[in-house]
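>
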Amino acid sequence: MKNSPIAKSLALMAAFSLSLMMIVFIFSEPVMAQATTGTLSGTVTDAGGGVVSGATVTARSDATGREETTTTTGDGLYSFTALLPGTYTVTATATNFKKAVANAVNVKIGVVTSLDVKLEAGNISETVTVTAGAEEIVQREQSQQSTSFETRKVEDLPSNSAGGGIDTLALLAPGVVPGFGNVNSNGTTLSVNGNRARSNNFTLDGTDNNDLTIGGPNFFVDNQDAVQEFQVITNNFSAQYGRNQGAIVNIVTKGGTNEFHGTGFEFHRNSSALDGMTNAERADPGRNRRDKFISNVFGGTFGGPIIKQKIFFFLDGQLIRQRQTFLFQAGNPAILRSGLTTLATNFPGNPAIAAIVNQSVFALQPSARVQQNGAATTGNLCFPKDPTLACSGANAVLVPTGFPEYLLPLPFDQKEYGLRGDFNL
14 MKNSPIAKSL
24 ALMAAFSLSL
34 MMIVFIFSEP
44 VMAQATTGTL
54 SGTVTDAGGG
64 VVSGATVTAR
74 SDATGREETT
84 TTTGDGLYSF
94 TALLPGTYTV
104 TATATNFKKA
114 VANAVNVKIG
124 VVTSLDVKLE
134 AGNISETVTV
144 TAGAEEIVQR
154 EQSQQSTSFE
164 TRKVEDLPSN
174 SAGGGIDTLA
184 LLAPGVVPGF
194 GNVNSNGTTL
204 SVNGNRARSN
214 NFTLDGTDNN
224 DLTIGGPNFF
234 VDNQDAVQEF
244 QVITNNFSAQ
254 YGRNQGAIVN
264 IVTKGGTNEF
274 HGTGFEFHRN
284 SSALDGMTNA
294 ERADPGRNRR
304 DKFISNVFGG
314 TFGGPIIKQK
324 IFFFLDGQLI
334 RQRQTFLFQA
344 GNPAILRSGL
354 TTLATNFPGN
364 PAIAAIVNQS
374 VFALQPSARV
384 QQNGAATTGN
394 LCFPKDPTLA
404 CSGANAVLVP
414 TGFPEYLLPL
424 PFDQKEYGLR
434 GDFNL
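Residue 14 is where the sequence shown starts when you use this note's numbering, and the numbers rise one by one after that.
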């Protein structure tokens with residue numbers, strides 16, 4: 014069996030499949046990294062402004078402990094081109110200089126951030142520590158116009174208060190307004206710099222997230238506690254994004270860290286007796302309260318290390334549960350309940366009349382009533398007792414009609430969950 018043609022074919026197919034998977038993994042990682050990572054670069058100088066070549070610069074992730082190390086060039090330049098979004102501790106060391114440490118260096122997706130480091134003469138065992146701020150970190154390598162929302166902004170801004178998606182954050186960016194048209198929306202449609210709502214490009218963790226039929230995002234992200242960063246690029250974006258002439262909407266989800274951490278939330282709304290009615294509801298003389306509305310959006314996240322400094326996991330989930338009623342007002346009249354009783358009494362055993370009686374709106378909907386903002390009835394229908402004779406006089410059975418309205422239940426349930434794994438090479 015070992016040398017049979019079947020065994021050889023199976024072995025060949027297995028080897029080919031494994032090779033293909035490795036090729037996809039190796040070559041797709043840099044492509045995905047374009048939209049999920051950021052770049053940190055700068056110049057290392059001495060106290061007099063002279064460049065320091067050969068200095069060792071290390072960027073360490075505050076979340077996972079992953080370290081990237083490089084050496085400055087002859088011009089004192091350093092660059093880290095594929096850092097995951099988050100905060101980093103940047104360390105620079107060189108012979109005859111004190112060690113310089115910059116804390117809380119924020120790296121954003123798709124952005125080249127510049128951090129210049131100044132070394133002071135002294136013993137390398139001495140350390141000069143600074144906390145990076147807006148005055149130390151600038152973006153001077155790119156002309157693209159973008160707006161980024163890090164974890165805290167995503168969580169604190171009311172983008173998903175009703176479980177409707179976080180794309181409403183994009184409306185806070187210059188040049189972005191609500192769009193129009195039949196387009197998928199993760200909270201809202203977006204028109205950027207006058208372009209159509211279908212002209213935007215959406216990515217999720219570096220992968221294409223575009224609906225190929227009507228445009229807009231294909232997968233909706235509602236749980237804002239699961240988002241590491243939300244970015245909108247509105248102009249001058251690089252050719253790597255291509256595809257569309259509108260905005261680039263990048264969403265990067267959170268990953269696990271060296272510490273176990275989690276969140277939980279519940280957002281509740283209801284139609285209480287204190288809620289004011291809408292103008293349409295006030296115009297109805299038969300109303301004394303709003304339609305029923307109960308909404309619960311709850312969920313949470315949990316993540317941590319499987320192997321510290323090496324393998325991490327992150328779980329997130331959200332459930333939306335809404336119960337509400339809607340006052341449905343029919344556009345066609347129906348036979349009133351008194352008329353249904355009259356028909357049943359005058360035409361016993363008639364299957365056609367029985368079908369009319371049983372399928373009437375006032376029979377199927379116990380809460381149905383005549384619309385209060387119109388006439389109580391619209392007239393009478395005439396049913397002849399003898400269909401061969403005219404429907405008049407003693408041969409006529411008159412039944413009243415009216416436009417019905419009734420409360421229509423509109424339940425809505427939605428589940429969202431995700432699992433992410435990361436590992437350091």
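Glycine included, C-beta positions come from ideal geometry on N, C-alpha and C.
1. Which residue comes first and which comes last in the beta strand (DSSP E) that contains S159?
2. On a Cα-Cα basis, can you pick out the residue from V410, A95, L402 and L328 that is closest to F360?
3. Does C428 come out as helix, strand or coil in the three-state DSSP assignment?
4. Let me check understanding here. Comparing Cα to Cα, which of E429, R433, S66 and G344 lies closest to E418?
5. Leaving out the 5 sequence neighbours to the left and right, which residues in its chain are closer than 6 Å to V143 when beta-carbon positions are compared?
6. Looking at the unbroken beta strand (DSSP E) that takes in R350, where does it start and where does it end?
7. What are the complete beta strand (DSSP E) segments, minimum 3 residues, inside the segment 260-295?
8. Under 8 Å: do the segment 190-207 and the segment 221-230 share three or more Cβ pairs, one atom per stretch?
9. Using the Cα positions of S138 and F110, report the straight-line distance between them to the nearest angstrom.
10. Out of N309, D75, I333 and N208, which has the shortest C-alpha to C-alpha gap to H281?
11. Classify Q322: buried if its beta carbon has 16 or more other beta carbons within 10 angstroms, exposed otherwise.
12. Which same chain residues end up closer than 8 Å to Q378 when comparing Cβ atoms and leaving out the 5 residues on each side of it in sequence?
13. CA-CA distance, I366 and S380?
14. Leaving aside the five residues before and after A134 along the sequence, list all residues of the same chain whose C-beta is less than 8 Å from its C-beta, in chain order.
15. Entirely within the segment 166-198 and at least 3 residues each: give me those beta strand (DSSP E) ranges in chain order.
16. In the DSSP assignment, the beta strand (DSSP E) including I324 goes from what residue to what residue?
17. In angstroms with no decimal places, state the Cα-to-Cα distance between Y91 and L182.
18. Around the C-beta of S351, are 16 or more other C-beta atoms found within 10 angstroms, so that it is buried, or is it exposed?
19. Closer than 8 Å is the cut-off here; do at least three beta carbon pairs connect the segment 265-280 with the segment 235-243?
20. Considering only the alpha carbon of each residue, which of L184, Q258, Q237 and L432 lies closest to R209?
21. Report the three-state DSSP secondary structure of V37 (helix, strand or coil).
22. T94: which of T82, I319 and F306 sits nearest, CA to CA?
23. Using a 10 Å radius around the Cβ and a threshold of 16 neighbouring Cβ atoms, would you call Y101 buried or exposed?
24. Within the same chain, show all residues whose beta-carbon is closer than 6 Å to that of G434, passing over the 5 residues directly before and after it, in chain order.
25. When you compare the CB positions of G269 and G313, do they come within less than 7 Å of one another, or not?
26. With L53 and L96 assumed to form a contact (beta carbons below 8 Å), what rounded beta-carbon distance in angstroms separates them?
27. What does the alpha-carbon distance come out to for the pair F339 and P424?
28. Do L421 and F341 have their CB atoms nearer than 7 Å?
29. Assign F396 to one of three DSSP states: helix, strand, or coil.
30. Do the CB positions of Q331 and D235 come within less than 7 Å of each other?
By the coordinates alone:
1. Q158 to E163
2. Per the Cα distances, V410.
3. For clarity, residue 428 is Lys in the given sequence; the question names Cys instead. Three-state result, K428: strand.
4. Out of E429, R433, S66 and G344, G344 has the C-alpha closest to the C-alpha of E418.
5. Leaving aside the five residues that flank V143 on each side, the residues in its chain whose CB is nearer than 6 Å to its CB run, in chain order, A115.
6. No beta strand (DSSP E) contains R350, which is instead part of the alpha helix (DSSP H) from R350 to N359.
7. 261-266 and 274-283
8. yes
9. 9 Å
10. N309
11. exposed
12. P417 and Y419
13. 23 Å
14. D59, A60, N109, F110 and K111
15. If we require 3 residues or more, the beta strand (DSSP E) runs fully inside the segment 166-198 come out as 189-191.
16. Its beta strand (DSSP E) spans residues I324 to Q342.
17. 34 Å
18. exposed
19. yes
20. Q258
21. With a pLDDT of 41 at V37, under the threshold of 50, the modelled position of that residue is not reliable, and no figure is offered here.
22. T82
23. When all chains shown are included, Y101 counts as buried.
24. Excluding residues within five positions, the ones whose Cβ falls inside 6 Å are F326.
25. no
26. Their Cβ separation, rounded to whole angstroms, is 6 Å, which keeps L53 and L96 in contact under 8 Å.
27. 10 Å
28. yes
29. F396 falls in the strand class under three-state DSSP.
30. yes
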